[in-house]
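Note that full-length UniProt numbering has the sequence shown beginning at 1, numbered continuously upward. Heads up, the beta-carbon is just placed ideally off N, CA and C, and yes, glycines get one too. All figures in this text were calculated on a predicted structure; none of them were measured in a lab.
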Amino acid sequence: MKIIIAGAGEVGFHLAKLLSYESQDITLIDSNKESLAYADTHLDIRVLRGDATSIAVLKDAQVAESNLVIGVTSSETTNITLCMLAKQLGCQRTIARISNTEFTDCKDTIRFSDLGIDELISPEELAAKEIEMLLNKSAFNDTYEFEEGKLIMVGVSLPSTAPFVGKMVKEAALVFPELHFMPIAMQRKGTQYTIIPRGDTVFKDGDQVYFITTKQGVEELYKLTGKKKEDIKNVMILGGSKVGYKTARALCLKKFNVKLIEKNKEKAFDLADELPNALVINGDGRNVELLQEESLESMDAFIAVTGNSETNIMSCLVAKSKFIKKTIALVENMDYFQLSHSIGIDTLINKKLLAANNIFRHIRKGEIVALMRLNNLNAEILEFVVKPDSRVTGSMIRELDFPKTATIGGVIRDGEGIIALGGFEIRPGDRVVVCCMPEAIQKIERLFL
1 MKIIIAGAGE VGFHLAKLLS YESQDITLID SNKESLAYAD THLDIRVLRG DATSIAVLKD
61 AQVAESNLVI GVTSSETTNI TLCMLAKQLG CQRTIARISN TEFTDCKDTI RFSDLGIDEL
121 ISPEELAAKE IEMLLNKSAF NDTYEFEEGK LIMVGVSLPS TAPFVGKMVK EAALVFPELH
181 FMPIAMQRKG TQYTIIPRGD TVFKDGDQVY FITTKQGVEE LYKLTGKKKE DIKNVMILGG
241 SKVGYKTARA LCLKKFNVKL IEKNKEKAFD LADELPNALV INGDGRNVEL LQEESLESMD
301 AFIAVTGNSE TNIMSCLVAK SKFIKKTIAL VENMDYFQLS HSIGIDTLIN KKLLAANNIF
361 RHIRKGEIVA LMRLNNLNAE ILEFVVKPDS RVTGSMIREL DFPKTATIGG VIRDGEGIIA
421 LGGFEIRPGD RVVVCCMPEA IQKIERLFL
């Protein structure tokens, strides 16, 4: 598959890195010499210096033979122009990163495909949706829904009181045979290594464990992990950025009590007009006295989404010291991701990573219908639709030639989520959720082709 990526920033670099695992033919275009040099030395891709909207540069990148062009520069005008030109020059599919969320709101009235743009991705909108979902599953620090909640992925840090701490996965399965969940990935406390659990993997205190579960399984996980579902009603948002505004607007519609703190006076007044159901406060959120005056202690959740990662992290730590149930910080630097659980913040989110994952889903071969990358882990979760002629069709899970670095979390059949064990037979039409390391993706895709 020939893919052209415009923009060697964090989104573009992360995308190119994910795709280079699969030996895709990738060309990365950027006008910044340093960004390209870094990508060239770290990844097995072709780099091209120049303006992504230059027809000569696009022809040099062989746009006419390309399967996909992705515009992820920091300028949405460049991304949109690039996609329109690429389509005219013969590219098959185009994806543009945008920052003006009006475009995604108007998808039904404006047919962007007629302009040559097949997909629009808004990192700010993705971040706001992620925050909203995290508040709904408040005891967990990571969550994702497959098929509108038929199967749910949740991430949780295991306390020492959890009954299966110290037990192997197979022992836990025998002790709790009625459970409706499956561990699919874990990370040991204080390490950066991803483990795909096997039967003899031991659960340890402080492990960050990801489970695939059904709706009733979520309640069981609350009980077994010693976490309880906190009722979140009062939310404080720090920063009136696009993410802050979209989050506040969505939460107000769901009848949350929202307080939004914005440093810029003019912006605060504009936000107050646009968010009549939220209380907008003009002030510096780094001022601990201000947070206390605005009754930080009575809040159920604190969300920091200013443009400064350090401010977001520090203010969340202040909120955590006041025993706020849920803290979420927006960070720009992907390196900070490894820190979230060790420093005590419930969840760090990165809108660039969310955007890259979302775009990555559109690139997959086979019958992958959903994909997400686990926040702090080097693991992917894929959802496949089984075809009648797939190699897995008619086989039991235990009979499959599955890599050691992959596991099946669950299956959706006829609209019902099932936690599938070794004796489960896969049929055509099943939607199978798989967790795997990047190096195993190609082998798994071949099984479902």
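* Could you please give the first and the last residue of the uninterrupted alpha helix (DSSP H) stretch that includes MET84? => Here the alpha helix (DSSP H) through MET84 covers 76 to 88.
* Exposed or buried, which one is PHE164 when buried takes at least 16 other CB atoms within 10 Å? -> By the neighbour-count rule (16 or more Cβ atoms within 10 Å), PHE164 is buried.
* Which residue's Cα is closest to the Cα of ILE313: GLY283, LYS325, GLU289, ILE349? -> Of GLY283, LYS325, GLU289, ILE349, the residue nearest in Cα terms is ILE349.
* Quickly, what does DSSP pair MET236 with across the bridge? List them, please. => Bridge partners of MET236: LYS259, PHE302.
* To do: Measure the beta-carbon distance from LYS150 to GLU416 and round it to whole angstroms, keeping in mind my assumption that it falls under 8 angstroms.
  => Their Cβ separation, rounded to whole angstroms, is 7 angstroms, which keeps LYS150 and GLU416 in contact under 8 angstroms.
* To do: Report all residues from its chain with a CB closer than 8 angstroms to the CB of PRO388; omit the five preceding and five following residues, and keep chain order.
  => So the qualifying residues of the chain are PRO428.
* Asked: Among ALA37, VAL235, LYS2, which has the Cα closest to the Cα of PHE13?
  -> Ranked by how close their Cα comes to the Cα of PHE13, the residues ALA37, VAL235, LYS2 have ALA37 in first place.
* Asked: What three-state label does DSSP hand VAL432 in the structure shown?
  -> Collapsing the DSSP output to three states places VAL432 in a strand.
* To do: Leaving out five residues on either side along the sequence, give the residues of the same chain with a beta carbon under 8 angstroms from the beta carbon of CYS91.
  => Only ILE4, VAL63, ALA64, SER66, ASN67, LEU68, VAL69 meet the Cβ criterion.
* **Straight-line gap, ASN287 to ASN277 (C-alpha atoms, nearest Å)** => ASN287 and ASN277 have their C-alpha atoms roughly 24 angstroms apart.
* To do: Determine the direct distance from the alpha carbon of PHE402 to that of residue 450, and round the result to whole angstroms.
  => The structure shown does not extend to residue 450, since the chain is modelled only from 1 to 449, so the question has no answer here.
* **Cβ-Cβ separation, LEU400 to LEU447 (assumed contact under 8 angstroms), whole Å** => About 7 angstroms separates the Cβ atoms of LEU447 and LEU400, confirming a contact at the 8 angstroms cut-off.
* Asked: Can you tell me whether SER315 is buried or exposed, with buried defined as 16 or more other CB within 10 angstroms of its CB?
  -> Looking at its Cβ environment, which holds 16 or more other Cβ atoms inside 10 Å, SER315 is buried.
* Asked: Looking at C-alpha atoms only, which residue of GLN88, PHE112, LYS265 is the closest neighbour of ALA96?
  -> With distances taken between Cα atoms, ALA96 lies closest to PHE112.
* To do: Could you have a look at MET133 and say whether DSSP puts it in helix, strand or coil?
  => MET133: helix per DSSP, three-state reduction.
* List the DSSP bridge partners of PRO183. => In the DSSP output, where bridge partners are listed per residue, PRO183 has PHE211.
* Asked: Sorted by chain position, which residues of the same chain lie with C-beta nearer than 6 angstroms to GLY283's C-beta, five sequence neighbours on each side aside?
  -> Residues ILE261, LEU290 of the same chain have their beta carbon placed closer than 6 angstroms to that of GLY283, with the five preceding and five following residues left out of the count.
* To do: Just the C-alpha distance for PHE103 and LEU115, rounded to the nearest angstrom, thanks.
  => Taking the straight line from one Cα to the other gives about 13 angstroms.
* To do: Look up VAL57 in the DSSP assignment and say whether it is helix, strand or coil.
  => The three-state reading of DSSP puts VAL57 in helix, counting H, G and I together.
* **Of the listed residues LYS443, ILE45, VAL280, nearest to GLY244 (C-alpha basis)** => Ranking the options by Cα distance to GLY244, first place goes to VAL280.
* Asked: How is SER321 classed by DSSP in three states: helix, strand or coil?
  -> Residue state, collapsed to three classes: helix.
* Asked: Where does the unbroken beta strand (DSSP E) through ILE110 begin, and where does it stop?
  -> Boundaries for ILE110: no beta strand (DSSP E) harbours it, and the DSSP string shows neither H nor E there.
* **Run of the alpha helix (DSSP H) containing PHE269, from where it starts to where it stops** => Per DSSP, PHE269 belongs to the alpha helix (DSSP H) from 265 to 274.
* Work out the CA separation of THR41 and LYS267 for me, nearest whole Å. => Taking the CA atoms as reference points, LYS267 sits about 42 angstroms from THR41.
* DSSP state of VAL280 mapped onto helix, strand, coil -> VAL280: strand per DSSP, three-state reduction.
* Asked: Which residue from GLU34, LYS325, GLY9 puts its Cα closest to that of ALA301?
  -> Of the candidates GLU34, LYS325, GLY9, the one whose C-alpha sits nearest the C-alpha of ALA301 is LYS325.
* To do: Whole angstroms is fine: what's the gap from ILE45's alpha carbon to ALA379's?
  => Distance between the alpha carbons of ILE45 and ALA379: 22 angstroms.
* From PRO123 to GLU76, what does the alpha carbon distance come to, in whole angstroms? -> Roughly 12 angstroms between the two C-alpha positions.
* Distance, VAL202 Cα to ILE359 Cα -> For ILE359 and VAL202, the gap between their C-alpha atoms comes out near 35 angstroms.
* Span of the alpha helix (DSSP H) around LYS170 -> Residue range 169 to 175 is occupied by the alpha helix (DSSP H) that includes LYS170.
* Check whether PRO183 and VAL218 have beta carbons under 8 angstroms apart -> Judged by their CB atoms, PRO183 and VAL218 are not nearer to each other than the 8 angstroms cut-off.
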